[in-house]
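The structure appears below as structure tokens.
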Amino acid sequence: MLIVTTDQIPGKEIKEVIGVMSGGTVQSKNIGKDIGAGLKGLVGGEMKSYTAMMEEARDIALKRLISKASDAGANAIVGMRFMTSSIIQGASEVIAYGTAVFVE
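Going by UniProt numbering, the first residue of the sequence shown is number 1, and it counts up by one from there.
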């Protein structure tokens with residue numbers, strides 16, 4: 001699956017637009033990460049456990065997007081983006097979205 005953030009793929013022709021697709025996940029914090037993050041918040045610096053959690057969430061969302069697009073017959077996704085939002089206190093949603101297309 002070819003994935004780009006642009007609307008076109010150089011050297012490829014979009015033969016069919018299949019449609020907008022998305023994949024997402026909601027990740028929640030745990031008590032261990034909260035304690036470590038709270039201490040880090042006092043002294044400053046990167047909250048590595050949260051960075052890792054968000055990287056994992058982006059990977060999950062992207063894999064789900066790819067799966068949906070592939071199941072729909074796409075071989076590429078154009079205009080791919082990530083969106084993050086807070087659902088409730090302590091939980092964040094990550095969505096990967098883009099336009100599924102068939103290119104040659």
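Every residue, glycine too, gets a C-beta built ideally from N, C-alpha and C.
| task | Give a yes or no on whether the C-beta atoms belonging to V101 and F82 are separated by under 8 Å. | result | no
| message | Are the CB atoms of D7 and V78 within a distance shorter than 8 Å? | response | yes
| request: Could you tell me which of G19, I9 and K48 sits nearest to A69, measuring between CA atoms? | output: G19
| query | Among the residues of its own chain, which have a CB less than 6 Å from the CB of V26, if the five just before and after it don't count? | reply | I87, A91 and E93
| query | Could you check where the alpha helix (DSSP H) with M1 kicks off and where it finishes? | reply | Where M1 is concerned, there is no enclosing alpha helix (DSSP H), given that its DSSP letter is neither H nor E.
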